[in-house]
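Visitor: Following this message is one structure expressed as structure tokens.
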Amino acid sequence: MTSLIEAIQAGDRATVQTLTQTWDQTELNDQGSVVLITAAEQGDTGILHLLIEANLNVNQGDEDGWTPLMEASAGGHVDLVKQLLTAGANANTPSNEGITPLMAAAAKGHTEVVTLLVEQGADLKAKDKNSWTALIWASAEKQTDMVNLLQTLRSKGGE
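This is the structure we're talking about:
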């Protein structure tokens, strides 16, 4: 699996495609979250597309429950967030700590991602294990524009 991770990190689409086509599907599925999260970190839509085409579970989290959608959201990768949502990623799946993709994006100030997630049904009222919402995360991280956006979205009835 190391060679696949290295190819993803290098942006080597040809190698990623070859490895996903020749790798044992069971092993690939077992490591799917690590592979997809690495792709989300890199922000490469082409590589993410290849991995989705390899039928990896876009909702599979790592040992902390962190999903590819959370990574893409925290990184502000709007195109990857769109790809993952289109592939069936759940906008409300929480990590083991209760953090959702919306909270991850809000804490980093990624307004486009937050808007997209809310449009796709992300719950503005969801709370993590500390009872923090996306609004509290944005406020704690001093993301003033995000706080304003979240307040506006909540007043419009966004869930």
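So that you can map any letter, position 86 of the sequence shown is 86 in the numbering used here, and since no number is skipped, the others follow by simple counting.
All residues carry an ideal CB built from backbone N, CA and C; glycine is no exception.
Could you spell out the range, first to last residue, of the alpha helix (DSSP H) harbouring Ala140?
Guide: Reading the sequence shown from its first residue, position 140 is the one you call residue 140. Ala134 to Ala140 is the extent of the alpha helix (DSSP H) around Ala140.
Visitor: Which residues in the same chain have their Cβ closer than 7 Å to the Cβ of Asn96, if we skip the five residues on either side of it in sequence?
Guide: By 1-based counting over the sequence shown, the position of residue 96 is 96. So the qualifying residues of the chain are Asp64 and Gly65.
Visitor: Report the three-state DSSP secondary structure of Glu74 (helix, strand or coil).
Guide: Position 74 of the sequence shown, counted from the first residue, corresponds to residue 74. The sequence shown places Ala at residue 74, rather than the Glu named in the question. DSSP places Ala74 in helix when its eight states are reduced to three.
Visitor: Should Asp195 and Asn92 be called a contact, given that it needs their Cβ atoms to be closer than 7 Å?
Guide: Since the first residue shown for the chain is 1 and the last is 159, residue 195 is missing from the structure and cannot be characterised.
Visitor: If we call anything under 7 Å between Cβ atoms a contact, is Leu56 one with Leu36?
Guide: Working through the sequence shown from its first residue, we reach residue 56 at position 56. Working through the sequence shown from its first residue, we reach residue 36 at position 36. Contact flag set, yes.
Visitor: Which two residues bound the contiguous alpha helix (DSSP H) that contains Thr186?
Guide: The structure shown does not extend to residue 186, since the chain is modelled only from 1 through 159, so no value can be given for it.
Visitor: How about Ala104 and Met146: do their beta carbons lie closer than 7 Å?
Guide: The sequence position of residue 104 within the sequence shown is 104, counting from 1. The sequence position of residue 146 within the sequence shown is 146, counting from 1. No, these two residues do not count as a Cβ contact at 7 Å.
Visitor: Of the choices Asn59, Gln21, Thr67 and Gln17, whose alpha-carbon is the least far from that of Glu41?
Guide: What you label residue 41 is simply residue 41 of the sequence shown in a count that begins at 1. Of the candidates Asn59, Gln21, Thr67 and Gln17, the one whose C-alpha sits nearest the C-alpha of Glu41 is Thr67.
Visitor: Under a Cβ-count criterion, where at least 16 other Cβ atoms within 10 Å of its own Cβ denotes burial, should Ser33 be classed as buried or exposed?
Guide: Locating residue 33 in the sequence shown gives position 33, counting from the first residue. It counts as buried.
Visitor: Which of helix, strand or coil does DSSP assign to Leu56?
Guide: Counting from 1 along the sequence shown, the entry for residue 56 is found at position 56. Leu56: coil per DSSP, three-state reduction.
Visitor: Note down the Cα distance separating Val58 from Ile5, rounded to an integer number of angstroms.
Guide: Along the sequence shown, one-based indexing puts residue 58 at 58. Along the sequence shown, one-based indexing puts residue 5 at 5. If you take the alpha carbons of Val58 and Ile5, they lie about 16 Å apart.
Visitor: Is it right to say Ala54 is buried, meaning 16 or more other beta carbons lie within 10 angstroms of its own, or is it exposed?
Guide: Taking the sequence shown and counting its residues from 1, one reaches residue 54 at position 54. Classification for Ala54: buried.
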